[in-house]
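**Student:**
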Amino acid sequence: MENKLYQGDALSLLPTLEADSFDALITDPPYASGGVTAAERRRPPSEKYQQTGQRLLHAEFVGDERDQRAHLRWMVMWLSECQRLLRDGAPVCLFTDWRQLPLTTDALQCAGFTWRGVLVWDKTEGVRPQLGRPRNQAEYVVWGSKGAMPTSRMAPVLPGVIREPVRRVDKYHMTGKPTALMRQLVRICEPGGRILDPFAGSGTTLLAAQLEGYRWAGCEMTSHYARIAQERLHDATRDAMT
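First residue of the sequence shown: 1, per the UniProt record's numbering; consecutive thereafter.
1) What did DSSP end up calling D122 once you bin it into helix, strand or coil?
2) If we ignore side chains and look at the alpha-carbon of each, how far apart do A107 and R73 end up?
3) In angstroms, rounded to a whole number, what distance separates the CA positions of K171 and K177?
4) With respect to the alpha helix (DSSP H) encompassing I228, which residues constitute its N-terminal and C-terminal limits?
5) Taking the runs of the beta strand (DSSP E) that are 3 residues or longer, which of them lie wholly in the stretch 14–38?
6) Provide the residue(s) that pair with V141 in DSSP beta bridges, ordered along the chain.
7) Taking just the CA atoms, how far does P129 sit from R84?
8) By DSSP, does Q7 sit in helix, in strand, or in coil?
9) Mind checking which residues open and close the alpha helix (DSSP H) that includes V76?
10) Across which residues does DSSP place V161 in a beta bridge pair?
11) Going by alpha carbons, who is nearest to E190 out of M221, S152, V161?
12) In angstroms with no decimal places, state the Cα-to-Cα distance between T16 and E125.
13) Which residues does DSSP pair with T114 in a beta bridge?
14) Taking DSSP as the reference, what is the three-state secondary structure of L131?
15) When you compare each of M221, W216, A236, R238 to S21 by their alpha carbons, which one comes out closest?
16) Between H71 and the ligand ZN, is the CB less than 6 Å from at least one heavy atom?
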């Protein structure tokens, strides 16, 4: 199957994909976080996740304004569809933050997956400090699998904590993850496997999969970020051929 990035809503696109055709789900969905009250959550993502001086650097994205019950229902809807698409034993990795960590573990299990643990992404001390408070320098990867994971899997041992800073030169989306981080995470998939990312953003997971020798498919709803992802993937393919 060819590598392909689909531009559109994952809830509409996932049902069109073939069942039992992916070996891993690795994705960074909207967190619907960034505030305690409903009014705070409805703010644009740039106001919730970026410092004032950086708000014009990246385009807005959709789907980050849901309240807790709506977000849980939405998570279970697309995860249930992914359950159909994954082969038995396939690993699942979902990014989240401290506010949505409990909801994300619930959604994973409600969709029929086995919850297996939490990885930590340590963003290092480069994160903005706040006096009198611990530095908020971690995000999390809730991981699990579609049923039992065979002990004979050929994937390597991954670290439980991945320490990787955010570098501006490598950031194409306001909540984008470092390419180096994703290159480590995609290795949870067995060699030669096919990775699914329903919320591709600027394409970092797909790019990491390609660089590590995996096949991939992804969805991205925001046309601006879908174009960026296509450009990055095209450039990586061109560079590999020169």
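No residue lacks a Cβ here, since even glycine has one placed at the ideal position from N, Cα and C.
Please read all numbers here as calculations on a predicted model, not as lab measurements.
**Tutor:** In this structure, then:
1) The three-state reading of DSSP puts D122 in strand, counting E and B together.
2) 8 Å
3) Taken atom to atom, the span from the alpha-carbon of K171 to that of K177 is near 7 Å.
4) Looking at the DSSP string, the run of the alpha helix (DSSP H) that includes I228 is 223–241.
5) Taking 3 residues as the shortest admissible run, the stretch 14–38 contains the following complete beta strand (DSSP E) segments, listed from N- to C-terminal end: 24–27.
6) F95, L119
7) Looking at the backbone, the Cα of R84 and that of P129 are separated by about 42 Å.
8) strand
9) 68–85
10) V120
11) Of M221, S152, V161, the residue nearest in Cα terms is S152.
12) 43 Å
13) S145
14) Residue state, collapsed to three classes: coil.
15) Among M221, W216, A236, R238, the Cα nearest to that of S21 belongs to W216.
16) In the structure on display, the ligand ZN does not appear, and there are no ligands present to speak of.
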